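Trainee: Structure incoming, see below.
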Amino acid sequence: MDIRAHVSMVFHLDKCIGCHTCSVACKNIWTDRKGTEYMWWNNVETKPGTGYPTQWEDQEKYKGGWALGEDGRIHLRLHDRTNGLSNIFYNPALPTIDDYYEPWTYDYENLFNAPEGDDQPTARAVSMITGKPMDNIEAGPNWDDDLGGSPVYAANDVNLNKLTEEEREQLAEIERVVFFYLPRICNHCLNPGCVAACPAGAIYKRGEDGIVLISQEKCRAWRMCISGCPYKKTYFNWSSGKSEKCILCVPRLESGQPPACFHSCVGRIRYLGVLLYDADMIEKSTSVPDSELVAAQRAMIMDPFDPAIIAAAKQNKISDAMIAAAQNSPVYKFVKKWQIALPLHAEFRTLPMLYYVPPMLPILAKTKDGNYDIEGLDREGLPAMLGSLEKARMPIKYMASLFSAGNVEEVEAAYRKLIAVRIFKRAQKVKDYQQAEVDAALAAGKTNPEEVEAIFRLTSLPTYEERFVVPPLGRESAVEAWENPLERKTEAGFGVRNKIAKRKF
Amino acid sequence: MFDNALFIGFPYVAVTLCIVVSIYRFWFDPYSYSSQSSQFLENRKLFFGSVPWHYGVITILLAHTLALLFPKAWGLFTADQTRLYIVEIIGLAVALMTTFGLTVLFYRRLSDARANSVTSQWDWILLFFLLLQVALGFWVAYYYRWGSDWFLHTAAPWLISLIKLQPNISSVAALPFLVKFHFLNGFVIILLVPFTRLVHLLVFPLSYLWREHQVVIWNKARH
Numbered sequence: 020m021d022i023r024a025h026v027s028m029v030f031h032l033d034k035c036i037g038c039h040t041c042s043v044a045c046k047n048i049w050t051d052r053k054g055t056e057y058m059w060w061n062n063v064e065t066k067p068g069t070g071y072p073t074q075w076e077d078q079e080k081y082k083g084g085w086a087l088g089e090d091g092r093i094h095l096r097l098h099d100r101t102n103g104l105s106n107i108f109y110n111p112a113l114p115t116i117d118d119y120y121e122p123w124t125y126d127y128e129n130l131f132n133a134p135e136g137d138d139q140p141t142a143r144a145v146s147m148i149t150g151k152p153m154d155n156i157e158a159g160p161n162w163d164d165d166l167g168g169s170p171v172y173a174a175n176d177v178n179l180n181k182l183t184e185e186e187r188e189q190l191a192e193i194e195r196v197v198f199f200y201l202p203r204i205c206n207h208c209l210n211p212g213c214v215a216a217c218p219a220g221a222i223y224k225r226g227e228d229g230i231v232l233i234s235q236e237k238c239r240a241w242r243m244c245i246s247g248c249p250y251k252k253t254y255f256n257w258s259s260g261k262s263e264k265c266i267l268c269v270p271r272l273e274s275g276q277p278p279a280c281f282h283s284c285v286g287r288i289r290y291l292g293v294l295l296y297d298a299d300m301i302e303k304s305t306s307v308p309d310s311e312l313v314a315a316q317r318a319m320i321m322d323p324f325d326p327a328i329i330a331a332a333k334q335n336k337i338s339d340a341m342i343a344a345a346q347n348s349p350v351y352k353f354v355k356k357w358q359i360a361l362p363l364h365a366e367f368r369t370l371p372m373l374y375y376v377p378p379m380l381p382i383l384a385k386t387k388d389g390n391y392d393i394e395g396l397d398r399e400g401l402p403a404m405l406g407s408l409e410k411a412r413m414p415i416k417y418m419a420s421l422f423s424a425g426n427v428e429e430v431e432a433a434y435r436k437l438i439a440v441r442i443f444k445r446a447q448k449v450k451d452y453q454q455a456e457v458d459a460a461l462a463a464g465k466t467n468p469e470e471v472e473a474i475f476r477l478t479s480l481p482t483y484e485e486r487f488v489v490p491p492l493g494r495e496s497a498v499e500a501w502e503n504p505l506e507r508k509t510e511a512g513f514g515v516r517n518k519i520a521k522r523k524f
Numbered sequence: 058m059f060d061n062a063l064f065i066g067f068p069y070v071a072v073t074l075c076i077v078v079s080i081y082r083f084w085f086d087p088y089s090y091s092s093q094s095s096q097f098l099e100n101r102k103l104f105f106g107s108v109p110w111h112y113g114v115i116t117i118l119l120a121h122t123l124a125l126l127f128p129k130a131w132g133l134f135t136a137d138q139t140r141l142y143i144v145e146i147i148g149l150a151v152a153l154m155t156t157f158g159l160t161v162l163f164y165r166r167l168s169d170a171r172a173n174s175v176t177s178q179w180d181w182i183l184l185f186f187l188l189l190q191v192a193l194g195f196w197v198a199y200y201y202r203w204g205s206d207w208f209l210h211t212a213a214p215w216l217i218s219l220i221k222l223q224p225n226i227s228s229v230a231a232l233p234f235l236v237k238f239h240f241l242n243g244f245v246i247i248l249l250v251p252f253t254r255l256v257h258l259l260v261f262p263l264s265y266l267w268r269e270h271q272v273v274i275w276n277k278a279r280h
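First to last, the protein sequences are chains A and B. Take the first sequence: its position 486, counting from 1, is numbered 505 in my numbering, and each next residue is one higher. Take the second sequence: its position 206, counting from 1, is numbered 263 in my numbering, and each next residue is one higher.
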């Protein structure tokens, strides 16, 4: 047993309103430099949709993550060690800037400086890469937001492949159209594809907290991490020739604050906390069949109250403060205790440490002849509208494709519990359910009133301190004795220790 | 005297600067040690340029080095005329591949606005000298045949005398201008290594073949 601590995350999708405040907070802090304009370390996607970069989930195309080989072991989809070097002159699976978008600005100066003429001067779009006018902009940030251009984008969502033709048509039905938001940052995986794919060994996981970082000084632009990450969360800085990614705002974490995207979240959907896990189980839990992946990943997470686990953690020099943070962790409750938060695309086998509570809304059933099709839904004694998982507007198979590697039972179990919370609280406040219905819902959700109240509390009324349990990392104060952390303040940039020049445009 | 400066003085200066500046840059500016790939901005032309260029130039440099390090074995190998023909034909094919690849890369940086925008002055200087070197090599191979054989009795003794610190240019002094130009330009490229993106060949990530897949760094020693 090798117990380690990991700063982990939960995003509660029912609460996401798709406002992109997280993305903006992140961009303003980290990616407003030349070469990073197109980067969205945090982005919010509309589902169904093809995401960012377009069709990132399609690993036939991008070769990200791991695949289970016939020998029962996992292999990088992108390359084995020899191919990693022989493909170094041309990476066959690299997305290019056109799979994202070409960043642009507008020639505002022309509005002031244009010579007098018969026409109003215009501010033409200008590429931020070439500086040349771009008169035909074909993509931009959140180009397919809220199903915009869905015949092109949403229709090509790879998760829809698992649905029947009828189910797909219903998703796009006029006036009954359905979508939800999927905010994404780096998953800080336990078995990261980017780290394994990097020929230079520039990407690493911090032992103490599991944060995955790219050493800007060791990165040599071999650009394999971009393909290696199945979530496409490493980005290539085309100007500096370095890969960059979400750093989980380490400077903020180290001074006790949650990351900027967490802090600024309007819907308060984000939770941050420590998980204790057994690193010896990584190999085993990544090599099980698809349907068992979620359960295997959950099994790696250890009970921070178990004296044996605490002893093993202390033996590994995990501090008391870190163990206390793990005991207070909201993430532990969502993921392990209540089992309602699931990893995104577990079939990539990277063991992502960002978990999602699947969205329940819209809960209303499919339609039939212009009316809600609720026939036969109350057969388990469950109220029709809220108990209608089988006929949910968003097919359960689609959710399973996203959150449980296709294992429908796993997502269903989470939904049954979430539904129980709804029915229980509605019966309590609105009083329009019979006790028998409530009991049936609790039984179906394999839960009890006590747990339901706890889930309700942490979902609806959590305080700042309950949402973010930031462990005291104290790395800055630890190095202060021999290094001044503020030495390069105001003169250096991300990854740059020398003075840097101001950008030109 | 002039020959001494060009074929003894300059090579020593070039190699010394290459080593010293490379180490200095690695130590004081590790951030700048990068291949500066532009594949992200331009994908298609890069394939037809980068792949033939890199595999071609690696083969050619390998042949140069092998002949230099094992002159006897190389001499015995090319003593047979059939084998000499084969070596020369392969050499010509690889030279064609290299020239083609480099020309595509040159054209790519000229014609593609995106690739052009990440091309520095140093890149143009480097591209120019590389193209010159490949063209010269091609010229030498074409006009002064059987270079894989006479290389052993001209350039090899000279280079080995340089390595042994007992410089002797007698074996190359009488060679035609173009051949000498090829030698000289070779050292210009060695000189350019530490000042350009060519440093990427010094940090070729061979260790990827054996390193652990996952890299974990601890702030404090664990045990």
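Quick reminder that beta carbons are idealized off the backbone N, C-alpha and C, glycines included. In this text the structure is predicted, and so the values were computed from the model without any measurement.
Just to check my reading of the structure: residue 310 of chain A and residue 426 of chain A have Cβ atoms closer than 8 Å, yes? What is that Cβ distance to the nearest angstrom?
Mentor: Within the first sequence, numbered from 1, the residue matching residue 310 of chain A stands at position 291. Within the first sequence, numbered from 1, the residue matching residue 426 of chain A stands at position 407. The pair is a contact, with the Cβ atoms about 4 Å apart (cut-off 8 Å).
Trainee: Could you give the distance in angstroms between the alpha-carbon of residue 522 of chain A and the alpha-carbon of residue 512 of chain A?
Mentor: The residue given as residue 522 of chain A occupies position 503 in the first sequence. The residue given as residue 512 of chain A occupies position 493 in the first sequence. A caution first: residue 522 of chain A carries a pLDDT of 48, below 50, which makes its placement in the model unreliable, though a value can still be read off. Cα-Cα distance, rounded: 12 Å.
Trainee: Nearest chain A C-beta to residue 262 of chain B closer than 8 Å, yes or no?
Mentor: The count along the second sequence starts at 1 and reaches residue 262 of chain B at position 205. Yes, residue 262 of chain B lies at the interface with chain A (some Cβ there is under 8 Å from its Cβ).
Trainee: Could you spell out where the alpha helix (DSSP H) holding residue 124 of chain A opens and where it closes?
Mentor: Here residue 124 of chain A refers to the residue found at position 105 of the first sequence. Premise fails: residue 124 of chain A lies in the beta strand (DSSP E), 123-125, not in any alpha helix (DSSP H).
Trainee: Spell out whether any CB of chain B is found under 8 Å from the CB atom of residue 523 of chain A.
Mentor: Your numbering for residue 523 of chain A matches position 504 in the first sequence. At residue 523 of chain A, the pLDDT of 49 sits below 50, so the modelled position is not reliable; the number obtained from the coordinates is stated separately. Cβ-Cβ to chain B under 8 Å: no for residue 523 of chain A.
Trainee: Would you say residue 240 of chain A reaches chain B, if we count a Cβ-Cβ gap shorter than 8 Å as a contact?
Mentor: Here the question's residue 240 of chain A lines up with position 221 in the first sequence. Yes, residue 240 of chain A counts as interfacial toward chain B.
Trainee: State yes or no: is the beta carbon of residue 171 of chain B nearer than 8 Å to at least one beta carbon in chain A?
Mentor: The residue you call residue 171 of chain B lines up with position 114 of the second sequence. Taking Cβ atoms only, chain A reaches closer than 8 Å to residue 171 of chain B, which makes this a yes.
Trainee: Would you say residue 50 of chain A lies against chain B (beta-carbon separation less than 8 Å)?
Mentor: Stepping through the first sequence from its first residue, residue 50 of chain A is reached at position 31. It does not: the Cβ of residue 50 of chain A has no partner Cβ on chain B nearer than 8 Å.
Trainee: Apply the 10 Å Cβ neighbour rule to residue 61 of chain B and answer buried if 16 or more other Cβ atoms are within range, or exposed otherwise.
Mentor: Locating residue 61 of chain B in the second sequence gives position 4, where the first residue counts as 1. Flag for residue 61 of chain B reads exposed.
Trainee: Output, in sequence order along the chain, the residues in the region 102-113 of chain B whose CB is closer than 7 Å to any CB in chain A.
Mentor: Result list: 103, 104, 107, 108, 111.
Trainee: Anything in the region 111-123 of chain A with a Cβ closer than 9 Å to a Cβ of chain B? List those residues in chain order, please.
Mentor: Against chain B - using a Cβ distance shorter than 9 Å - the residues of the region 111-123 of chain A are 111, 113, 114, 115, 116, 117, 121.
Trainee: Can you find the residues in the same chain that come closer than 8 Å, C-beta to C-beta, to residue 408 of chain A, ignoring five residues on each side of it along the sequence?
Mentor: Taking the first sequence and counting its residues from 1, the one referred to as residue 408 of chain A is at position 389. So the list reads 415, 431, 434, 435, 438, once near-sequence residues are dropped.
Trainee: Taking the C-alpha atoms as reference points, what is the distance between residue 460 of chain A and residue 248 of chain A?
Mentor: Position 441 of the first sequence holds residue 460 of chain A. Position 229 of the first sequence holds residue 248 of chain A. When rounded, the distance between both Cα atoms is 40 Å.
Trainee: Nearest to residue 142 of chain B by CA position, among B:256, B:71, B:207, B:203, is which residue?
Mentor: The sequence position of residue 142 of chain B within the second sequence is 85, counting from 1. Ranking B:256, B:71, B:207, B:203 by Cα distance to residue 142 of chain B puts B:203 first.
Trainee: Hey, quick one: how far does the beta strand (DSSP E) through residue 106 of chain B stretch, first residue to last?
Mentor: Indexing the second sequence from 1 puts residue 106 of chain B at position 49. Careful: residue 106 of chain B lies outside any beta strand (DSSP E), inside the alpha helix (DSSP H) at 101-126.
Trainee: For the region 226-237 of chain A, which residues have a beta carbon sitting closer than 8 Å to at least one beta carbon of chain B?
Mentor: If the cut-off is 8 Å between Cβ atoms, the region 226-237 of chain A has 226, 227, 235, 236, 237 near chain B.
Trainee: Using three-state DSSP, classify residue 266 of chain B as helix, strand or coil.
Mentor: Along the second sequence, read from residue 1 onward, the residue named residue 266 of chain B stands at position 209. Helix.
Trainee: Assign residue 154 of chain B to one of three DSSP states: helix, strand, or coil.
Mentor: Here residue 154 of chain B refers to the residue found at position 97 of the second sequence. Helix, per DSSP.
Trainee: In angstroms with no decimal places, state the Cα-to-Cα distance between residue 328 of chain A and residue 35 of chain A.
Mentor: Reading the first sequence from its first residue, position 309 is the one you call residue 328 of chain A. Reading the first sequence from its first residue, position 16 is the one you call residue 35 of chain A. One C-alpha to the other measures close to 35 Å.
Trainee: Based on Cα-Cα distance, which residue from A:364, A:307, A:165 lies nearest to residue 78 of chain A?
Mentor: Residue mapping note: residue 78 of chain A aligns to position 59 of the first sequence, counting from 1. With distances taken between Cα atoms, residue 78 of chain A lies closest to A:364.
Trainee: Run down chain A in chain order and give the residues with a C-beta less than 7 Å from the C-beta of residue 90 of chain B.
Mentor: As a working mapping, residue 90 of chain B is identified with position 33 in the second sequence. The answer, in chain order, is 239.
Trainee: Ignore the nearest five residues each way along the sequence and tell me which others in residue 59 of chain B's own chain have a CB closer than 6 Å to its CB.
Mentor: For the purposes of this step, residue 59 of chain B is identified with residue 2 of the second sequence, where counting begins at 1. Excluding residues within five positions, none has a Cβ falling inside 6 Å.
Trainee: Under a CB-based cut-off of 8 Å, is residue 218 of chain A close to chain B?
Mentor: For the purposes of this step, residue 218 of chain A is taken as residue 199 along the first sequence, with counting starting at 1. Output row for residue 218 of chain A: interface = yes.
Trainee: Using only alpha-carbon positions, find the residue among A:281, A:335, A:288 that is nearest to residue 299 of chain A.
Mentor: Looking up residue 299 of chain A in the first sequence gives position 280. Here the closest residue by C-alpha is A:335.
Trainee: Can you tell me whether DSSP reads residue 140 of chain B as helix, strand or coil?
Mentor: To locate residue 140 of chain B, count along the second sequence from 1; it is residue 83. Three-state DSSP puts residue 140 of chain B in a helix.
Trainee: Between the region 149-165 of chain A and chain B, which residues of the former have CB atoms less than 8 Å from a CB of the latter, in chain order?
Mentor: Going along the region 149-165 of chain A in chain order, one finds 149, 150, 151 with a Cβ nearer than 8 Å to chain B.
Trainee: Determine whether the Cβ of residue 82 of chain A lies closer than 8 Å to any Cβ atom of chain B.
Mentor: For this step, residue 82 of chain A is matched to residue 63 along the first sequence. False, the Cβ-Cβ gap to chain B never drops below 8 Å.
Trainee: Can you say whether residue 230 of chain A is buried or exposed, counting buried as having 16 or more other CB atoms within 10 angstroms of its CB?
Mentor: Taking the first residue of the first sequence as 1, we reach residue 230 of chain A at position 211. So residue 230 of chain A counts as buried.
Trainee: Using a Cβ-Cβ cut-off of 8 Å, state whether residue 82 of chain B counts as contacting chain A.
Mentor: Within the second sequence, numbered from 1, the residue matching residue 82 of chain B stands at position 25. Taking Cβ atoms only, chain A never reaches closer than 8 Å to residue 82 of chain B, which makes this a no.
Trainee: How would you label residue 463 of chain A, buried or exposed, when you count the other beta carbons within 10 angstroms and need 16 or more for buried?
Mentor: Residue numbering aside, residue 463 of chain A sits at position 444 when the first sequence is read from its first letter. Residue 463 of chain A is buried by the Cβ-count criterion.
Trainee: On the CB-based measure, 16 or more other CB atoms within 10 Å of its CB, does residue 171 of chain B come out buried or exposed?
Mentor: For this step, residue 171 of chain B is matched to residue 114 along the second sequence. Counting Cβ neighbours within 10 Å, residue 171 of chain B comes out buried, since at least 16 surround it.
Trainee: Name the DSSP beta bridge partners of residue 261 of chain B, please?
Mentor: Here residue 261 of chain B refers to the residue found at position 204 of the second sequence. Residue 261 of chain B is not bridged to any residue.
Trainee: With H, G and I counted as helix, E and B as strand and the rest as coil, what does DSSP make of residue 505 of chain A?
Mentor: Here the question's residue 505 of chain A lines up with position 486 in the first sequence. In the structure shown, residue 505 of chain A sits in coil (DSSP, three-state: anything other than H, G, I, E or B).
Trainee: Would residue 98 of chain B pass as an interface residue toward chain A - the criterion being a Cβ-Cβ separation below 8 Å?
Mentor: Position 41 of the second sequence, counting from 1, holds the residue named residue 98 of chain B. Closer than 8 Å to some Cβ of chain A, the Cβ of residue 98 of chain B qualifies, so yes.
Trainee: Can you tell me which of the three DSSP states residue 411 of chain A falls into?
Mentor: On the first sequence, position 392 is the one that residue 411 of chain A refers to. Residue state, collapsed to three classes: strand.
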